[in-house]
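Peer 1: Below is a structure I'd like to ask you about.
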Amino acid sequence: MDRHGHVGFNLLVFAPVAYYFLHTDQTTLAMIGILGLFMLEPLPDIISGIPGVQNRGTSHSILSALVVGILCSILLYILSRHLVSMVMQLIFGQSIVISDMSQQNPIDANRNAWIGFFIGSSSVIIHILGDLLTPSGIRPLLPFAPFRLSLGIVPDQGWTQFVLFIGGVLTFGWVIVSKYPVVGRALLNSLGLYLL
């Protein structure tokens, strides 16, 4: 699957999650989720570009998804534990006391670690699922089992990738407009399409 196909597939898969987050007033999680998805989802193809690494090999496996999830979990945990004091040090030139009793960080590091794991692992899994739709398929259990899975629904390249892209953009656009109708109306008006 090419970049257009992956972006469209990402948007299609993430649209229901974003819908839930937006309609339960968890906009920050929706924004972090989509940002994390688009930052991390290309990793399997980036890793496959390294000389000596086989395309759609271990980088396109469940093991890879777990490794990325664990690394993101550790990173967000460390950032959460030290982010407030780092920002205060940067802004004010000194650490500030968060409460009278201690310098506890009000950011829940454990929760953020789980969010990091979920975003990291699911981003790679979504990429793998996109490649599962192609005739080339994936080998999800590498390095433990070499069998290949393929649904062969979407060609690896071609116009169907663009259709997938347009479908994803329209679906995700609908999710945003369903929560923020003024945004949709303004966008349509800017295109010269005026609705009642």
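Per this note's numbering: the sequence shown = residues 42 to 237. Note that beta-carbon positions come from the ideal geometry of N, C-alpha and C, so glycine has one too.
#1: Just curious, the alpha helix (DSSP H) that N96 is in, first and last residue?
#2: Could you tell me which of N230, V210, K220 and Q95 sits nearest to Y61, measuring between CA atoms?
#3: Run through DSSP, which three-state label would I169 get?
#4: Distance check for R189 and I160, CA to CA, integer angstroms please.
#5: How many whole angstroms separate the CB atoms of V195 and L170, which I take to be in contact at a CB cut-off of 8 Å?
#6: Report the rounded CA-to-CA distance for I167 versus R180, giving the unit in angstroms.
#7: Let me know the secondary structure DSSP gives L190 once reduced to three states.
#8: Which residue from L104, N51 and S121 puts its Cα closest to that of C155?
#9: Should the segment 43 to 50 be regarded as contacting the segment 194 to 210, the criterion being three or more beta carbon pairs within less than 8 Å?
#10: Out of G110, L53, N230 and V54, which has the shortest C-alpha to C-alpha gap to N153?
#11: So G178 and S191 are supposed to be a Cβ contact under 8 Å. How far apart are they, rounded?
#12: Helix, strand or coil, according to DSSP, for I179 in the structure here?
#13: For V94 versus I103, is the C-beta distance shorter than 9 Å?
#14: Excluding the five sequence neighbours on either side, which residues of its own chain have a C-beta within less than 8 Å of the C-beta of L107, listed in chain order?
#15: To the nearest angstrom, how far is the alpha carbon of F79 from that of F133?
#16: Tell me whether P83 sits in a helix, a strand or coil according to DSSP, three-state version.
#17: Assuming contact is defined by CB atoms lying nearer than 9 Å, are A56 and F213 in contact in what I supplied?
#18: On a CA-only basis, which of R97, N96, L124 and G77 is nearest C113? Give me that one, please.
Peer 2: Taking the geometry as given:
#1: The residue given as residue 96 occupies position 55 in the sequence shown. Looking at the DSSP string, N96 is not in any alpha helix (DSSP H), and its letter there is neither H nor E.
#2: Numbered from 1 along the sequence shown, position 20 holds the residue referred to as residue 61. For the residues N230, V210, K220 and Q95, the minimum Cα distance to Y61 belongs to K220.
#3: Numbered from its first residue, the sequence shown carries residue 169 at position 128. Correct three-state label for I169: helix.
#4: In the sequence shown, residue 160 corresponds to position 119, counting from 1. In the sequence shown, residue 189 corresponds to position 148, counting from 1. Between I160 and R189, the C-alpha separation is close to 25 Å.
#5: Residue numbering aside, residue 195 sits at position 154 when the sequence shown is read from its first letter. Residue numbering aside, residue 170 sits at position 129 when the sequence shown is read from its first letter. The C-beta separation of V195 from L170 comes to about 11 Å, leaving the pair out of contact by the 8 Å criterion.
#6: Taking the first residue of the sequence shown as 1, we reach residue 167 at position 126. Taking the first residue of the sequence shown as 1, we reach residue 180 at position 139. Using only the alpha carbons, I get a separation of about 14 Å.
#7: Taking the sequence shown and counting its residues from 1, the one referred to as residue 190 is at position 149. For L190, the secondary structure class from DSSP, reduced to helix, strand or coil, is strand.
#8: Working through the sequence shown from its first residue, we reach residue 155 at position 114. Looking at the sequence shown, residue 155 is not Cys but Trp. In this structure, S121 is the residue among L104, N51 and S121 with its C-alpha nearest to the C-alpha of W155.
#9: At 8 Å Cβ cutoff, the stretches touch.
#10: Locating residue 153 in the sequence shown gives position 112, where the first residue counts as 1. If we check each option's Cα against that of N153, G110 comes out closest.
#11: For the purposes of this step, residue 178 is identified with residue 137 of the sequence shown, where counting begins at 1. For the purposes of this step, residue 191 is identified with residue 150 of the sequence shown, where counting begins at 1. G178 to S191, Cβ: 3 Å. Contact.
#12: Taking the first residue of the sequence shown as position 1, residue 179 is located at position 138. In the structure shown, I179 sits in a strand (DSSP, three-state: E or B).
#13: Here residue 94 refers to the residue found at position 53 of the sequence shown. Here residue 103 refers to the residue found at position 62 of the sequence shown. Note that the C-beta distance between V94 and I103 is not below 9 Å.
#14: Indexing the sequence shown from 1 puts residue 107 at position 66. Within its own chain, the residues whose Cβ lies closer than 8 Å to the Cβ of L107, once the five positions on either side in sequence are excluded, are S162, listed in chain order.
#15: The residue labelled residue 79 in the question sits at position 38 within the sequence shown. The residue labelled residue 133 in the question sits at position 92 within the sequence shown. Those two C-alpha atoms are separated by around 33 Å.
#16: For the purposes of this step, residue 83 is taken as residue 42 along the sequence shown, with counting starting at 1. Three-state result, P83: coil.
#17: As a position in the sequence shown, residue 56 is number 15, starting the count at 1. As a position in the sequence shown, residue 213 is number 172, starting the count at 1. Taking 9 Å as the Cβ cut-off, A56 and F213 qualify as a contacting pair.
#18: Here residue 113 refers to the residue found at position 72 of the sequence shown. Looking at R97, N96, L124 and G77, the one whose alpha-carbon comes closest to that of C113 is G77.
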